[in-house]
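Same order as they appear, the protein sequences are chains X and H. By my numbering, the letter at position 283 of the first sequence is numbered 283, and the numbering carries on one by one without gaps. When you read off a place in the second sequence, starting at 1, and then add 1000, the result is the number in my numbering. Yeah, the Cβ is synthetic: ideal placement off N, Cα and C, and Gly gets one too. Some notes on the structure that comes next.
2 protein chains.
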Amino acid sequence: MKKVAIGIDIGGTNSAIGVVDESGNVLVKDSIDTPGHGNIQLYIDDLASAIKKQVANVKLLNESIEVIGIGIGAPNANYYKGTIEHAPNLSFKGIIPFADMLKNKLPEYSTIALTNDANAAALGEMIYGGAKGMKNFVMFTLGTGVGSGIVVNGDLLYGNDGFAGECGHMILVPNGRHCGCGGRGHLEAYCSAPGMKRTAFELLVLYNDTTSLLANKSFNELDSKMIYDAAVAGDKVANEVFEITGKYLGQGIADTVHHLSPEAIFLFGGPTAAGELIFAPTHKSLEDHLMPVFKNKIKILPSKLNLGDAAIVGASALAWKEYEKQ
Amino acid sequence: MKKVAIGIDIGGTNSAIGVVDESGNVLVKDSIDTPGHGNIQLYIDDLASAIKKQVANVKLLNESIEVIGIGIGAPNANYYKGTIEHAPNLSFKGIIPFADMLKNKLPEYSTIALTNDANAAALGEMIYGGAKGMKNFVMFTLGTGVGSGIVVNGDLLYGNDGFAGECGHMILVPNGRHCGCGGRGHLEAYCSAPGMKRTAFELLVLYNDTTSLLANKSFNELDSKMIYDAAVAGDKVANEVFEITGKYLGQGIADTVHHLSPEAIFLFGGPTAAGELIFAPTHKSLEDHLMPVFKNKIKILPSKLNLGDAAIVGASALAWKEYEKQ
């Protein structure tokens, strides 16, 4: 009997569903629209149908497969309650008892668990990726925002109310850049992909550099991939964007290390594809900002999860983790 | 059979030894010099004799007492290894296998555990104080420095190498005040008792205020108690010191909350005796700096440990905690 888990990643526009084996291989996958109509029951019905379809598909590959449970990564997901609460990018408002609603449609699954996508990524790293065997590490996911998942003593840290691990919202610069959450000076406003763009424009302003490759793009056009391409092409401003992003990220990670004393920090997401361009200044800045007792101890590692499948794979890891506990 | 634990607090000049019952009452206590001679074996011999004396004393009170173990709070103590490592304020240099050395002298005690003093205070709060029944909270100890102890899922957080909980060294102000650890802009440089003094002098400079009660003290004379007395007497600068200290502390606690999602933050130490003078601006600043999902949820509470006995009582809590695990 081959055991598999279902991983679901709920994003603002798409919901991806995959069936994942114990090694983290995605056997089958599909995606449905995350609707804008706000009718949660309709969406749950569609999602349950899509899950059943994928389970049927995987059983075509191997009849004796056993599905051990469903793990879901979703914005503003509360692990303790199985709810999605006031997610700004979803059309479903208020507090949604998501796990219970899905259980009503799929009573055959005793394990249906939710957490946010960064927590799911951290679990994915621990179960399938570079954090195998590690008991204390932190995952930072750099993308439109900056998420984080904290693992302590081999378990995800949820805190008192399930919302621990918002390291992207630590304050790097008092009264600094406005953050999407309403705060000021948060790491996310500097080290996310849009944060890198903001740094690029700050540097254009500072140097009045009309020769930079980045000077020909509007604020809405420029993205972190363009900054990467320009940096590789030798653009001075673009290279400094990576320097500064790493400097901020290293400063923030130092605060995380001073709190948690992890073995390693994993970085995940689009901007990390730049490799040493981002890792080298991050590591230098981390060391510059650490207390002596932590210096030369903390690894900063690229996630080993495949960027395309990581959300599904991470979500499925939650199902495996819950299954282990039974 | 009445059970008691031994709590030992090792400071730079004194080592306090107490026998503590399950309710946190100190039955007997004494202190010996923490020597400056650097000979660790001599000190261990003295400490073991002092412990035996206190156990004999407590048995005079009640013959049927059982000692369940020894808990020790010490600077740079490593819980995992039972060591004291490179403690700057102690004359014993390098890595001292403290627990093992004491066990050699006191083989009758199977439980001898070490942690740093802020961790011990957090355990004391959980076992005897205001954090009874809480599973997720953080203790900040404000004194010459700022220590912290983090409790997660009912257990002290040690991290990968035993040094977690250095929240006093999070960066509040990039390139800000020099911290005793060698870093810059750390919370400790703003919110410790000397940090408050530094703020007082910053304000004297800013306002050129010759009428302030604080303007008659040298940098080496001024202490946080004088600032408190001046604030109560209506001194404008002294009151603003508390405002600013609370503002910094609340900013730092927000970062801690964003990492850990605790139920409560406990404040302990001399400056907290100022009550609302420090708690009110701290709480306001925390709320100003929290993400919406954490607003109006996090309690900031004064420690319920008695300031005079807290170090002994906290250290003894470590012994109880270890005893529970057996």
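Query                                                                                                                                   : Result
Neighbouring residues, chain H, relative to Gly182 (chain X) (Cβ below 8 angstroms)                                                     : Met1291, Pro1292
Nonlocal neighbours in the same chain, by C-beta distance under 7 angstroms from Lys1003 (chain H), ignoring five residues either side  : Glu1022, Glu1066, Ile1068
Ser1031 (chain H) at chain X interface by Cβ criterion, 8 angstroms                                                                     : no
Residues near Pro1105 (chain H) in its chain [Cβ-Cβ closer than 7 angstroms; skip 5 each side]                                          : In the sequence on display, residue 1105 (chain H) carries Lys and not Pro. Excluding positions up to five away in sequence, the list reads Ile1044, Asp1045, Ala1048.
Validate contact between the segment 137-144 of chain X and the segment 268-284 of chain X using beta carbons, cut 8 angstroms, 3 pairs : yes
Contacts that Thr1199 (chain H) makes with chain X (C-beta to C-beta distance below 7 angstroms)                                        : In chain order: nothing, as chain X lies at least about 15 angstroms away.
Presumed contact (8 angstroms Cβ cut-off) between Ala120 (chain X) and Gly314 (chain X), rounded CB distance                            : 4 angstroms
beta-carbon Asn1239 (chain H) near the ligand NAD non-hydrogen atom, thresh 7 angstroms                                                 : This structure lacks the ligand NAD, and indeed carries no ligand of any kind.
Cβ-based burial, Asp1235 (chain H) [other Cβ within 10 Å; buried from 16]                                                               : buried
Delimiting residues of the alpha helix (DSSP H) encompassing Ile1040 (chain H)                                                          : 1040-1061
Expected contact under 8 angstroms - CB spacing of Val1237 (chain H) and Ala1200 (chain H) to nearest Å                                 : 6 angstroms
Per-residue contacts from Asn1136 (chain H) into chain X (C-beta, under 7 angstroms)                                                    : Gly159, Asn160
Sequence-distant residues of the same chain with beta carbon closer than 7 angstroms to Ile278 (chain X), five excluded per side        : Phe242, Thr245, Gly246, Pro271, Thr272
DSSP-derived helix/strand/coil call for Met139 (chain X)                                                                                : strand
Chain H residues whose Cβ lies nearer than 7 angstroms to that of Gln54 (chain X)                                                       : Residues of chain H passing the Cβ test: none, with the nearest at roughly 32 angstroms.
Buried versus exposed call for Gln326 (chain X) [16 or more other C-beta atoms within 10 Å across all chains shown]                     : exposed
Chain H contact for Phe92 (chain X) (CB, 8 angstroms cutoff)                                                                            : no
Helix, strand or coil at Ile312 (chain X) according to DSSP, with G and I counted as helix                                              : helix
Alpha-carbon spacing of Leu42 (chain X) relative to Ile17 (chain X), whole angstroms                                                    : 17 angstroms
For Asn136 (chain X) and Asn153 (chain X), believed in contact at Cβ under 8 angstroms, the rounded distance                            : 7 angstroms
Among X:Gly129, X:His186, X:Gly162, the one whose alpha carbon lies nearest that of Val146 (chain X)                                    : X:His186
Backbone secondary structure at Val1026 (chain H) - three-state DSSP                                                                    : strand
Within 8 angstroms, strictly: CB atoms of Leu1213 (chain H) and Ala1230 (chain H)                                                       : yes
Those residues which DSSP pairs with Leu267 (chain X) across a bridge                                                                   : X:Phe140, X:Pro302
C-alpha gap between Met1196 (chain H) and Lys1295 (chain H), whole angstroms                                                            : 27 angstroms
First through last residue of the beta strand (DSSP E) which encompasses Asn14 (chain X)                                                : 14-21
Interfacial residues, the segment 246-276 of chain X to chain H, with Cβ spacing under 8 angstroms                                      : Gln251, Ala254, Asp255, Thr256, His258, His259, Leu260, Ser261, Pro262, Glu263
Burial state of Ser261 (chain X), where buried means 16 or more other Cβ atoms lie within 10 Å                                          : buried
Extent of the continuous beta strand (DSSP E) to which Glu1085 (chain H) belongs                                                        : 1083-1085
Buried/exposed call for Asp1309 (chain H), threshold 16 Cβ in 10 Å                                                                      : buried
Tyr1128 (chain H) versus Ser15 (chain X) - alpha carbon distance                                                                        : 48 angstroms
Within 8 angstroms, strictly: CB atoms of Cys191 (chain X) and Leu286 (chain X)                                                         : no
Contact set between Val151 (chain X) and chain H, taken where Cβ atoms lie within less than 7 angstroms                                 : Under the 7 angstroms cutoff, chain H gives no residues; its nearest Cβ is about 11 angstroms from Val151 (chain X).
Coil, strand or helix - Val1237 (chain H) by DSSP                                                                                       : helix
Partners in chain H for Ile327 (chain X), counting only beta-carbon separations shorter than 9 angstroms                                : With chain X covering only 1 through 326, there is no way to say anything about residue 327 (chain X).
Secondary structure of Lys321 (chain X), DSSP reduced to three states                                                                   : helix
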